[in-house]
Amino acid sequence: MRVIFKQEMQQLGDDLTRMSRQVATAIERATAALETADLTLAEQVIDADRRIDELERQLDEQGISLLARQGPVATDLRIVVSGLRLSATLERMGDLARHVAYVARGRYPENPTPGPMREILIKMARQATLVSQQVTQLLETRDLALAASIEADDDVLDQLHRESFQVILDDDVPMTRQQLVDAVLLGRYLERFGDHGVSVARRISYLVTGDLTNEVVNPAEQEAHHD
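Under numbering that gives the first Met the number 0, the first residue of the sequence shown carries the number 0, and numbering increases by one thereafter.
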């Protein structure tokens, strides 16, 4: 019975990593679609989000089944509960990649924003892609140094987000109303993507150490605070 339990716990971890890889692919393609006005890539991201949603559903079923049948305690309980939280966070990251792709598709064959605003958003998208790659590596390794790095590097996205508002408010940078809306939305999507990466990093730190010094915030609660 214990062997089966260990196998199911391993499957939970493997599926989380698989989901994270799909999210990384989504934000990579959304970034490319944003850079090159590639309609095909944008549509691939939008279509693939259904698979990420389905993985979240499967992970939730696995976690609930483990709780109901095995009654895990101590570290095992942390793993299962963390798996449920992580799947929700990864699903939200997939949604944000889809939102970026929606903007890229909606402005095809043009690029969503011009000039300096475009440069900032591309930097943000590339940084978000890096975050997604680090998150996948973190789920594979549970490396606390990497978790700390993800949290520290979130300052890069936050700073770029602040710079985007400086450009938006600069009267010398001409933008249409639609371009202004796109700039605000894209900046928000990409900044939030980084925040969810931090949420994953904190959750893994808690999973490894059991230390709640750095509060692990539920992604839904984060959304409520930002909205």
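The beta carbon of each residue, even a glycine, is placed where N, CA and C say it ideally should be.
Can you find at least 3 beta carbon pairs, one from the stretch 55-72 and one from the stretch 123-134, that sit closer than 8 Å? no
Would you grab the beta carbon distance between Ala-200 and Leu-137 for me? Rounded to a whole angstrom, and I think it's under 8 Å. A Cβ-Cβ separation of about 6 Å places Ala-200 in contact with Leu-137 under the 8 Å criterion.
Are Ile-26 and Thr-128 touching if we call contact CB-CB under 8 Å? Yes, Cβ-Cβ distance for Ile-26 and Thr-128 is below 8 Å.
Below 8 Å CB to CB, which residues in the same chain sit around Val-99 once its five sequence neighbours on both sides are set aside? Ile-26, Ala-29, Thr-30, Ala-32, Leu-33, Val-44, Ala-124, Leu-185, Tyr-188, Leu-189
Coarse secondary structure for Glu-109, derived from DSSP in three states: coil
Between Ser-19 and the rest of its own chain, which residues show a CB-CB distance below 7 Å, the 5 nearest in sequence each way excluded? These residues qualify, in order along the chain: Leu-89, Val-134, Thr-135, Leu-138.
Could you please give the first and the last residue of the uninterrupted alpha helix (DSSP H) stretch that includes Thr-128? It spans 114-140 - the alpha helix (DSSP H) in which Thr-128 sits, taken as one unbroken run.
List the whole-angstrom C-beta distance separating Val-207 from Arg-117, where the pair is believed to meet the contact cut-off of C-beta under 8 Å. The Cβ separation is near 40 Å, so there is no contact.
Considering Cα atoms alone, identify which of Gly-196, Gln-132, Ile-119 is closest to Val-183. That would be Ile-119, whose Cα lies nearest to the Cα of Val-183.
Given the structure, does Ser-204 come close to the ligand MG, in the sense that its CB is under 7 Å from one of the ligand's heavy atoms? The model on display carries no ligand, and the ligand MG is accordingly not part of it.
Identity of the residue in Gly-193, Gln-10, Asp-37, Ala-151 nearest Tyr-107 by Cα: Asp-37
Within its chain, find whatever has a CB closer than 6 Å to the CB of Ala-103; leave out the 5 residues flanking it on each side and keep chain order. Ala-32, Leu-33, Ala-41
Along the chain, where does the alpha helix (DSSP H) that runs through Val-199 open and close? 176-208
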